Structures are given as C-alpha cells and as structure tokens.
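Structure first, commentary second.
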Amino acid sequence: MLTAARAGMSLVIYGDEQMPTQSSMHFYVNWAKERLDEMDAALTSLEGKIGGVQADARHMADSALADLRKSRDGFRDTVKKQAEAGEAAWIGAKAKLEDEWNSFEAGVRKYVESFGKQIEDQQVTFKLLAAAQLKAWREAADKLGSDAKEFATERQVEIDAAVRRMKADAAAAEEKIQKNLNQAGTWSALMATLAETRAAFDRANQAAREAFKRAT
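The numbering of the sequence shown is my numbering, which starts it at 11 and goes up by one.
Pasting the structure below:
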C-alpha cells in the first residue's frame with residue numbers, strides 16, 4: 011500500500027540557509043491514500059459477506075466484486091505511477107483519479123443495493139469505511155506535525171495551527187460519523203455522511219498545504 015510517507019521532504023536553498031519544505035505532492039498523496047484506504051475497506055467488508063448472498067445471485071455478486079477490485083487496482087496503479095511526480099503531473103492525474111473514485115463509489119452503491127440490503131451488513135461496511143477515513147485523518151495530521159518540526163521556530167506557528175485544525179476537524183468528523191451510525195440511517199444517509207467528512211478532510215489537507223507553501 012502506498013503511504014503518505016513516500017512523499018518525503020525536499021530541501022530548498024535560500025542563501026546560506028537550508029530550509030526543509032513539504033513537497034506539494036505529499037498533499038496529493040494524502041488525498042489519494044484516503045480514497046484508496048476506503049476502497050480497501052469496502053472490498054474487505056463486501057468480500058467478507060459474499061457467503062450471505064443467495065446462491066442464484068452468487069455469480070453476479072462475484073462478477074461485481076471482480077469489477078470493484080479491478081477499479082481499486084487501477085486507482086492504486088495510477089497513484090503508484092504518480093508517487094514521485096511533480097505538482098503539474100499530479101494536477102492532471104487527480105482529475106483521472108477522481109473519475110475512478112466516482113466509478114468505484116457507484117459500483118459499491120450498486121452492489122449494496124443488489125446484494126447487501128440488510129441494514130446490519132450496511133452498518134458494518136459503513137464502520138469499516140469510517141475507520142479507514144479517520145485513520146487517514148490521523149496519519150495525515152501526525153505526518154504534518156512531524157514535518158513541522160523541521161522548520162525554523164518562527165515558521166512553525168502557522169503550520170502548528172494547521173495541524174491543530176486538522177486534528178480538531180478529525181474529532182468533529184468522528185463525532186458526526188458516530189451520531190449518524192447511532193441513528194441507524196439508510197445506506198444513502200450513511201454514505202452522505204462519509205462524503206461530508208471526506209470533503210472536510212480535503213479542505214483540511216488543502217489548508218495544510220497552503221500553510222506549508224506560505225512557510226517556505
């Protein structure tokens with residue numbers, strides 16, 4: 011699995027000062043890794059419940075899962091190819107990855123509507139997706155905090171603020187997810203919740219990126 015740590019740090023020379031900067035691609039990797047972790051979680055959950063699909067529908071369910079795996083693998087391969095790319099390349103690749111993500115989401119929705127209608131099973135899948143998303147939040151915040159220590163003290167204030175914001179937003183996302191889970195909403199409602207918290211992650215990730223750019 012590709013991890014955000016692969017983005018690494020770069021060094022920029024300013025006169026006699028050597029100042030570490032966060033590579034722009036690190037934040038694109040954060041974005042991609044969050045989606046990839048959700049893809050893995052969805053497949054883990056759906057594959058684990060294939061035994062509950064009625065025998066006469068098993069072939070169609072297996073075929074649908076194969077399509078989802080293919081979609082996930084294509085997304086992962088694109089991310090791997092971009093791992094060491096520059097920002098311009100990532101901007102182009104991100105549009106392609108967004109299409110692939112949307113296609114995967116649509117495939118999961120169709121699968122659940124066809125083969126996973128039990129609310130209990132839907133909630134289990136939702137929990138795994140939520141856990142994957144929140145894990146991505148925490149890993150991104152931890153990496154951000156670690157990278158901030160490489161900057162001169164006077165440049166850390168804004169970055170530290172971005173770290174605190176990301177952690178606070180993660181806590182708010184977790185509260186929202188738990189609230190909606192306790193309400194035992196429909197699959198559409200559960201997915202809408204994840205879409206909201208995913209968008210919040212993207213905003214926090216972008217804010218952190220901008221903070222690093224200003225600091226450098």
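We put the CB at the ideal spot given by N, CA and C, even for glycine.
These figures come from a predicted structure and were not determined experimentally.
For S81, which residues of its own chain have a beta-carbon under 7 Å away from its beta-carbon, when the five flanking residues on both sides are left out? Excluding residues within five positions, the ones whose Cβ falls inside 7 Å are E110, S113, F114 and G117.
Output the distance between the C-alpha atoms of F85 and A67, rounded to the nearest integer angstrom. When rounded, the distance between both Cα atoms is 27 Å.
Could you say which of D152, V39, L78 and A42 lies nearest to L53 if we only look at CA atoms? The shortest C-alpha separation from L53 is found at L78.
Under a three-way DSSP split, which group does E97 fall into? Note: E97 maps to helix in three-state DSSP.
Please state the DSSP three-state secondary structure of T207. Note: T207 maps to helix in three-state DSSP.
I need the straight-line Cα distance from S156 to A51, nearest angstrom please. Separation of S156 and A51 (C-alpha to C-alpha, rounded to the nearest whole angstrom) is 27 Å.
Roughly how many whole angstroms lie between the Cα atoms of A71 and S198? So the two alpha carbons sit approximately 20 Å from each other.
To the nearest angstrom, how far is it from the Cα of E123 to the Cα of A205? Those two C-alpha atoms are separated by around 18 Å.
Are the beta-carbon atoms belonging to K177 and A217 less than 9 Å from one another? In terms of Cβ geometry, K177 and A217 do not form a close pair [threshold 9 Å].
Which listed residue (W41, Y121 and A99) has its alpha carbon closest to that of S73: For S73, the closest of W41, Y121 and A99 by C-alpha to C-alpha distance is Y121.
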